[in-house]
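S.K.: Numbering (this note's numbering), first residue to last: 0 to 427. For every residue, glycine included, the Cβ atom is placed at its ideal position computed from N, Cα and C.
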Amino acid sequence: MNAFDPQNFYYATTPPPPPHAPLAGETRADVCIIGGGISGLSAALHLAERGFSVALLEAQHLGFGGSGRSGGQTIFGYASGQEKLEKLVGKADARFMWDIALEGMKLQRELITKHSIACDYVAGHMHVGVKRRHDLELRAEVESLHEHYDYRSVRLVERDELRSLVASERYSSGIYDSNSGHLQPYKFTLGLAAAAARAGVKIFEHSWVTRLDLAAEASIDSLVHTATGSVRARHVLIAGNALLGRLVPELARKLMAVGTYIAATEVLGEERARALITNNAAVADINWVLDYFRRSADHRLLFGGRVSYSGIDPFDSARVLRARISRVFPRLNPRIEYAWGGYVDITPNRAPHFGRLAPNAYFLQGFSGHGMVLSVIAGKLVAEAMGGTAERFDVFARIPHSDFPGGTYFRRPALVLAMLWFRLKDLL
Ligand SMILES: Cc1cc2nc3c(=O)[nH]c(=O)nc-3n(C[C@H](O)[C@H](O)[C@H](O)COP(=O)(O)OP(=O)(O)OC[C@H]3O[C@@H](n4cnc5c(N)ncnc54)[C@H](O)[C@@H]3O)c2cc1C
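#1: Output the distance between the C-alpha atoms of Phe366 and Ala93, rounded to the nearest integer angstrom.
#2: For Gly128, report the span of its alpha helix (DSSP H) as first-last.
#3: Taking the C-alpha atoms as reference points, what is the distance between Arg231 and Ala360?
#4: At a cut-off of 7 Å, would you count Thr227 as near ligand 1, judging by its Cβ distance to the nearest heavy atom?
#5: Any chance the segment 165–182 sits against the segment 201–210, with 3 or more Cβ pairs inside 8 Å?
#6: Taking only heavy atoms of ligand 1 into account, decide whether any of them is closer than 7 Å to the Cβ of Glu85.
#7: Rank Gly258, Pro399 and Phe328 by C-alpha distance to the C-alpha of Arg349 and give the top, closest one.
#8: Is DSSP giving His145 helix, strand or coil here?
#9: Work out the CA separation of Val121 and Arg293 for me, nearest whole Å.
#10: Using the Cα positions of Glu168 and Pro333, report the straight-line distance between them to the nearest angstrom.
#11: Relative to the C-alpha of Leu246, which residue among Thr209, Ala214 and Ser171 is closest?
#12: Would you call the segment 233–242 and the segment 53–68 in contact, with 3 or more CB pairs under 8 Å?
#13: DSSP three-state call for Asp344: helix, strand or coil?
#14: Which residue's Cα is closest to the Cα of Glu265: Pro184, Tyr185 and Phe302?
#15: With Glu25 as the anchor, note down where its beta strand (DSSP E) starts and where it stops.
#16: Would you say the beta carbon of His124 comes nearer than 7 Å to a heavy atom of ligand 1?
#17: So Lys201 is in the beta strand (DSSP E); what residue range does that whole segment cover?
#18: Whole angstroms are fine: how far does the CA of Glu140 sit from the CA of Cys118?
#19: Under the three-state reduction of DSSP, which class applies to Val288: helix, strand or coil?
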């Protein structure tokens, strides 16, 4: 564990999973996967079910990345929004991607049931607005989702009803979606890992990939190296996402790892917790620098918010999050029992970034805050592509992505400035 997550509620309260030994010596597999988060594990499971032999290398422990730290909100669609996707890829592909995102939500629920993953899944999610401008945006979004996408599980929630659902005077209207929801992300990740291991996937933890020799031709094996061994494989999937660092510079340039923080309050008890969010939905406001929160299965409030584009943790996150909780629930005054952070994988256009670095070397990253669902279906799409049916994967691989401005050394300062601008926008 690093200094960034001294008190991760999920790690502290989930029964310890079986450990996996580090890679030692040379191993052979059809597919080598880098990254033990939901993307890598979903791909591993789907590949094993198709008969591939799979070796998965995780630098730390399973769920060390966003998958074991997330707010756990399972949200419909893409962070970019459909309108932006339509501009990026055209209406037909945007529609296709919309259907894939919905398939992802269904797949996630099916996997939970099929593999008996006890991850506290709850249906129901609300996007909420804090000002008149947001009310108009939310109303327009519901109308557009009904009219253009025939997505009927969303409905507008007006101020009075919203106050009966969320015990806060901060919010003026919202969208409720019965098809979105929330879950305990670390338990979901470990459940996928257990299913993958049962299907024959070889998992290696504490196996940090330090070098890739990717084959330039599809008929030649690639070599993936760690400090203590290597995997020779015909196919490679790079699913290190926001924690991949500079292993693959062309991927790093397209992604900003944005620090964000979550706090878990003390156990509030069922009655107090229920009174805060009466329908037990997950809630996220629609500011750029957003607050997101939900009830936990053991009756706490889990509250996330505040981002750090400078990539460091210069403040006492528990104190800052406590202040943000007071802004939403002024009378709650809870003790914060856990507070942790992690890096969210954001692309400049907020559309996911999938593709190939070589004929048989695939990558998945940049879910931009919708990774709880999209990483699940992304793993399935990669498995299909490696199995010879790449049409669905290739729709995503065609999304245009630009580098973050500022190059390797100046993009953080550039993003700090951009963030100041977004905070200012939230105030308007
Ligand atoms: C605090 C926080 C809150 C979030 N809240 C939400 C939310 O509510 N809803 C939502 O949809 N999304 C949310 N996200 C985003 C979501 O968690 C991610 O998009 C998703 O988990 C990405 O999964 P992944 O498998 O692609 O990456 P990760 O889970 O980050 O997994 C990548 C793994 O690769 C490993 N790795 C990296 N480099 C190497 C290497 N060289 N060798 C070997 N292994 C390597 C890492 O150690 C890591 O375990 C949140 C993220 C954070 C951090």
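M.R.: Looking at the atomic coordinates:
#1: 16 Å
#2: First-last for Gly128: Val121 to Gly128, but that is the beta strand (DSSP E), not the alpha helix (DSSP H).
#3: 13 Å
#4: no
#5: no
#6: no
#7: Pro399
#8: helix
#9: 10 Å
#10: 18 Å
#11: Thr209
#12: yes
#13: strand
#14: Phe302
#15: Gly24 to Ile33
#16: no
#17: Lys201 to Phe203
#18: 30 Å
#19: coil
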